[in-house]
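Engineer:
Residue numbers (the numbering used here): 5 to 383.
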């Protein structure tokens, strides 16, 4: 037996059986395979309006000291966030995006004897991180309108349950749970069960009067109805910093202190921290970006309704289309790729007939609509 084979066979069975994250097609891959006349990259929920103009200058300054390690605690970013969110710095931990933070939660708080309860179709990073740490995940089916079934999730909690994970809005469906549903869930959970609210798309949803404001749960603990709640947020979406990989968890100081013990040292980088601080300071860019996203999404949903293309109304920066079946979803996705429109078919997310499409710039949406008109089979 070769040395390499021996090493491979020593990989734990749960890792050998792990289905890793399947990324969307890159621009380079699509160009190399299909040679389309133009490209519209609408697969990864990125901010198609870019990022705040001050970020480039902030990154340039950070580059001057890139030979030094960054702050292990991301002190400057935590100070900026605590001022913005009206919380203490001790309630914040910074990581390299939402999936890094989910991995941090898994290795800090849960083990193989525990269970995490969530929906059957949600952010795949949760399932991957839980699987790596051998934590069982109970997947409750979505409701018929592709929303988290909060009642069924609450009913699935048992003595092994140590966490409930809610993505609000949810990826890949774009749907959200309401203030009333969140209040019901919090009141039903035992105190020892952690509630994880993944709010990667919060900036796009908070204008909806039904969307719950989760910050008082952490910042005003005397009014909270569930003490062990953690909020996850990211700079990858509305702030347009996907390549910098910056996210944060907000929660009770005692829980955050435990996370610092197991967090990867010097994560995120100093350059990423500088980018996030600059982005956080630019309210004008954020407001404008969210507004343009909303207008693009509304225009796209009107187009879909007009052409009778089934879709799920969204509260995020993407819309999920519903093909008749998986084969049709794969065919449509392939047809769009040939025309230079990169979208995400959703079998890896548990919705085989789903196609997730990011909304973007006017020229990208024109390209998308023309491509959909040419390749979608009615009914």
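All C-beta atoms, glycine included, are put in the ideal place defined by N, C-alpha and C.
Bear in mind the structure is a predicted one, so any value in this text is a computation, not a measurement.
How many Å lie between residue 332 and residue 110 at the Cα?
Structural biologist: Straight-line Cα distance between these residues: approximately 36 Å.
Engineer: Could you tell me which residues DSSP puts in a beta bridge with residue 99?
Structural biologist: Under DSSP, residue 99 takes part in a beta bridge, and its partners are 251.
Engineer: Name the two residues that bound the continuous beta strand (DSSP E) containing residue 178.
Structural biologist: It is not in any beta strand (DSSP E) - residue 178 carries neither H nor E in the DSSP assignment.
Engineer: Would you list the one or two residues that DSSP bridges to residue 358?
Structural biologist: 326
Engineer: So residue 55 and residue 251 are in contact, right, with Cβ under 8 Å, and what is the actual spacing, rounded?
Structural biologist: Not confirmed; about 15 Å, so no contact.
Engineer: Using DSSP's beta-bridge definition, name the partner residues of residue 198.
Structural biologist: 167
Engineer: Identify the continuous beta strand (DSSP E) that holds residue 238 and give its terminal residues.
Structural biologist: 233–238
Engineer: Can you have a look at residue 175 and say buried or exposed, based on whether 16 or more other CB atoms are within 10 angstroms of its CB?
Structural biologist: By the 16-neighbour rule on beta-carbons within 10 angstroms, residue 175 is buried.
Engineer: Do residue 322 and residue 49 come within 9 Å of each other at the CB atom, strictly closer than that value?
Structural biologist: The answer is yes: Cβ separation under 9 Å.
Engineer: For residue 31, does the count of other Cβ atoms within 10 angstroms reach 16, so buried, or fall short, so exposed?
Structural biologist: exposed
Engineer: Figure out for me which residue from 158, 345, 149, 73 has the closest Cα to the Cα of residue 143.
Structural biologist: 158
Engineer: Enumerate, from N- to C-terminal direction, the unbroken alpha helix (DSSP H) stretches of 4 or more residues contained entirely within the segment 30–81.
Structural biologist: 31–38, 58–67
Engineer: So, under 8 Å CB-CB, residue 360 and residue 348 are touching, yes? Tell me the CB distance rounded to an integer number of Å.
Structural biologist: Correct: roughly 4 Å between the Cβ atoms.
Engineer: Three or more beta-carbon pairs under 8 Å between the segment 245–264 and the segment 93–105, yes or no?
Structural biologist: A contact exists between the segment 245–264 and the segment 93–105.
Engineer: Could you give the first and the last residue of the continuous beta strand (DSSP E) run that contains residue 312?
Structural biologist: It is not in any beta strand (DSSP E) - residue 312 carries neither H nor E in the DSSP assignment.
Engineer: Which residues share a DSSP beta bridge with residue 297?
Structural biologist: Bridge partners of residue 297: none, in fact.
Engineer: Since residue 197 contacts residue 168 with CB under 8 Å, what's their CB separation in whole angstroms?
Structural biologist: 6 Å
Engineer: Within the continuous beta strand (DSSP E) that includes residue 266, where are the two ends?
Structural biologist: Taken as a continuous stretch (DSSP letters only), residue 266 belongs to no beta strand (DSSP E), being part of the alpha helix (DSSP H) at 257–266.
Engineer: Do residue 170 and residue 201 have their C-beta atoms closer together than 9 Å?
Structural biologist: yes
Engineer: Have a look at residue 86 and residue 35 and give me their C-alpha separation to the nearest angstrom.
Structural biologist: 43 Å
Engineer: Residue 5: buried (16+ other C-beta within 10 angstroms of its C-beta) or exposed?
Structural biologist: With a pLDDT of 48 at residue 5, under the threshold of 50, the modelled position of that residue is not reliable, and the figure given next carries that caveat. Counting every other CB atom within 10 Å of its CB across the protein chains shown gives residue 5 a total below 16, marking it as exposed.
Engineer: Is the CB-CB distance between residue 239 and residue 298 below 9 Å?
Structural biologist: No. Outside cutoff.
Engineer: Mind checking which residues open and close the beta strand (DSSP E) that includes residue 143?
Structural biologist: 141–144
Engineer: Among residues of its own chain, excluding the 5 on either side of residue 4, which ones have a beta-carbon nearer than 8 Å to its beta-carbon?
Structural biologist: The structure shown has nothing for residue 4, since the chain only spans 5 to 383.
Engineer: From residue 363 to residue 293, what does the alpha carbon distance come to, in whole angstroms?
Structural biologist: 12 Å
Engineer: In terms of alpha-carbon separation, which member of 262, 276, 129 lies closest to residue 247?
Structural biologist: Comparing alpha-carbon positions, the option among 262, 276, 129 lying closest to residue 247 turns out to be 276.
Engineer: Which residues does DSSP list as the beta-bridge partners of residue 120?
Structural biologist: 141, 167
Engineer: To the nearest whole angstrom, what separates the beta carbons of residue 353 and residue 125, a pair I think is in contact under 8 Å?
Structural biologist: 5 Å
Engineer: So what's residue 349 in DSSP terms, helix, strand or just coil?
Structural biologist: strand
Engineer: Which class does residue 379 belong to by DSSP, given the choice of helix, strand or coil?
Structural biologist: helix
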